[in-house]
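Chains as they are written, first to last, in this note's numbering: chain L, 1 to 109; chain D, 110 to 218; chain H, 219 to 327.
Quick notes on the structure that follows.
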Ligand code: NI
Ligand code: NI
Ligand code: NI
């Protein structure tokens with residue numbers, strides 16, 4: 001048995017939760033926030049048999065991998081028009097930090 | 110030293126917390142929610158000496174064991190009376206998922 | 219790789235978070251509450267290479283160590299003046315509980 005602890009950005013969290021549940025992983029969601037300037041994040045705890053750890057990692061990678069996204073420019077509202085960027089900008093979104101922790105005993109009562 | 114991580118249903122969480130504290134366990138409560146259609150849940154982290162792990166498990170089992178509960182029927186309020194069940198229904202409530210994790214170092218500052 | 223789990227009082231949590239980030243630790247903050255009559259607390263998860271665990275512990279000790287603090291008396295507002303203490307009182311504040319947990323796999327996607 002392993003405990004997989006995953007921290008992902010909020011925008012990927014529902015997609016990841018659904019994908020994990022579709023594959024019958026048992027998931028608990030903790031409210032969390034990042035220490036960096038990132039947007040809000042979510043921490044999942046997944047309890048799984050050793051043999052299914054790789055599958056969990058694959059699902060996490062598929063749903064949360066860090067990637068570039070085009071963001072539409074925001075038009076200036078009474079702001080400084082000089083700093084307005086009139087074309088989409090590429091920003092990095094997503095990403096997951098994953099810890100696989102050994103479990104000495106697992107019980108369900 | 111072990112870290113015992115327990116996920117229980119909200120309805121059992123105060124009872125469990127009180128029972129653990131009565132037996133001098135040190136407990137931290139995290140806000141969490143289940144990945145399944147269950148009602149809200151609570152995650153506890155309990156730091157304990159190896160020798161007291163069995164006692165913690167016994168307290169968790171005694172206070173949170175999955176059991177059947179009779180739920181009084183809700184009378185239909187302008188709803189479809191055809192689907193009204195006029196007798197109590199047995200539903201499964203409670204239950205606890207427990208992970209016992211090894212601790213390499215423990216400090217109190 | 220280790221996962222360092224730290225529970226501290228809310229009043230020390232920003233100071234600790236800033237100190238950890240200044241030293242380039244990656245930190246996730248979980249909402250938590252204590253099981254005892256303590257004021258609110260915060261749980262941090264810090265993922266770190268083995269070689270930097272001691273540095274993390276030193277930062278935690280420096281910023282959260284349990285210490286005495288003089289608390290100014292609150293003047294009685296329509297309360298019982300007999301119980302008013304007209305001089306500062308020393309109370310213990312701060313403190314940190316720290317668990318260092320082994321990590322079998324660490325991934326960033
Ligand atoms: Ni699939
Ligand atoms: Ni007892
Ligand atoms: Ni320094």
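Glycine included, C-beta positions come from ideal geometry on N, C-alpha and C.
Check	Outcome
Considering only C-alpha positions, which residue in the set 71/L, 109/L, 22/L, 96/L is nearest to residue 87/L?	71/L
Just to confirm the assignment, what range does the alpha helix (DSSP H) spanning residue 176/D have?	Counting along the chain, residue 176/D falls outside any alpha helix (DSSP H), though it belongs to the beta strand (DSSP E) covering 176 to 180.
Decide if residue 269/H is buried, meaning its Cβ has at least 16 other Cβ atoms within 10 Å, or exposed.	exposed
Alpha carbons only, please: which of 170/D, 198/D, 216/D is nearest the one belonging to residue 207/D?	170/D
Below 8 Å, how does it come out for the stretch 130 to 144 of chain D and the stretch 240 to 252 of chain H: are there three or more Cβ pairs, yes or no?	yes
Would you mind telling me which residues of chain D sit closer than 8 Å to residue 3/L, beta carbon to beta carbon, in chain order?	114, 208, 210
Return the bridge partner residues of residue 219/H from the DSSP annotation.	Residue 219/H is not bridged to any residue.
Per DSSP, what kind of secondary structure is residue 127/D in: helix, strand or coil?	helix
By alpha-carbon positions, which one of 271/H, 260/H, 264/H, 327/H ends up nearest to residue 313/H?	260/H
I need the straight-line Cα distance from residue 146/D to residue 153/D, nearest angstrom please.	For residue 146/D, the pLDDT reaches just 40, beneath the cut-off of 50, and the residue's location in the model is therefore unreliable, although a value from the coordinates is still provided. Taking the straight line from one Cα to the other gives about 20 Å.
What residues are listed by DSSP as bridge partners for residue 40/L?	None, per the DSSP bridge assignment.
Shorter than 8 Å from the beta carbon of residue 41/L to some beta carbon of chain H?	yes
Check residue 162/D in the structure and name its three-state DSSP category.	helix
Using the Cα positions of residue 225/H and residue 198/D, report the straight-line distance between them to the nearest angstrom.	42 Å
Could you tell me how far apart the beta carbons of residue 100/L and residue 322/H are, in whole angstroms, since I believe they sit closer than 8 Å?	5 Å
Going along chain H in order, which residues have a C-beta closer than 9 Å to the C-beta of residue 70/L?	Neighbours of residue 70/L on chain H: none; closest Cβ ~21 Å, over 9 Å.
Assuming residue 124/D and residue 172/D form a contact by the criterion Cβ under 8 Å, report the distance between their Cβ atoms to the nearest whole angstrom.	5 Å
Would you report the Cα separation of residue 211/D and residue 327/H, rounded to the nearest angstrom?	26 Å
What distance in whole Å lies between the Cβ atoms of residue 56/L and residue 106/L, which are believed to be in contact at a cut-off of 8 Å?	Going by Cβ atoms, the distance from residue 106/L to residue 56/L rounds to 15 Å, so no, they are not a contact pair.
Shorter than 8 Å from the beta carbon of residue 325/H to some beta carbon of chain L?	yes
Using Cβ-Cβ distances below 8 Å, what residues of the stretch 114 to 129 of chain D are close to chain L?	114, 116
Would you say residue 31/L lies against chain D (beta-carbon separation less than 8 Å)?	yes
Given a cut-off of 8 Å on the beta-carbon distance, is the pair residue 202/D and residue 178/D in contact?	yes
Enumerate in chain order the residues of its own chain whose CB-to-CB distance from residue 228/H is below 7 Å, with the five nearest sequence positions on each side excluded.	257, 258, 259, 260
Closer than 8 Å between beta carbons: that is the criterion. Which residues of the stretch 41 to 67 of chain L meet it against chain H?	41, 43, 53, 57, 60, 61, 64, 65, 66
Is it right to say residue 222/H is buried, meaning 16 or more other beta carbons lie within 10 angstroms of its own, or is it exposed?	buried
Would you call the CB atoms of residue 168/D and residue 128/D closer than 8 Å?	yes
Using the DSSP secondary-structure output, state which residues sit across from residue 107/L in a beta bridge.	207/D
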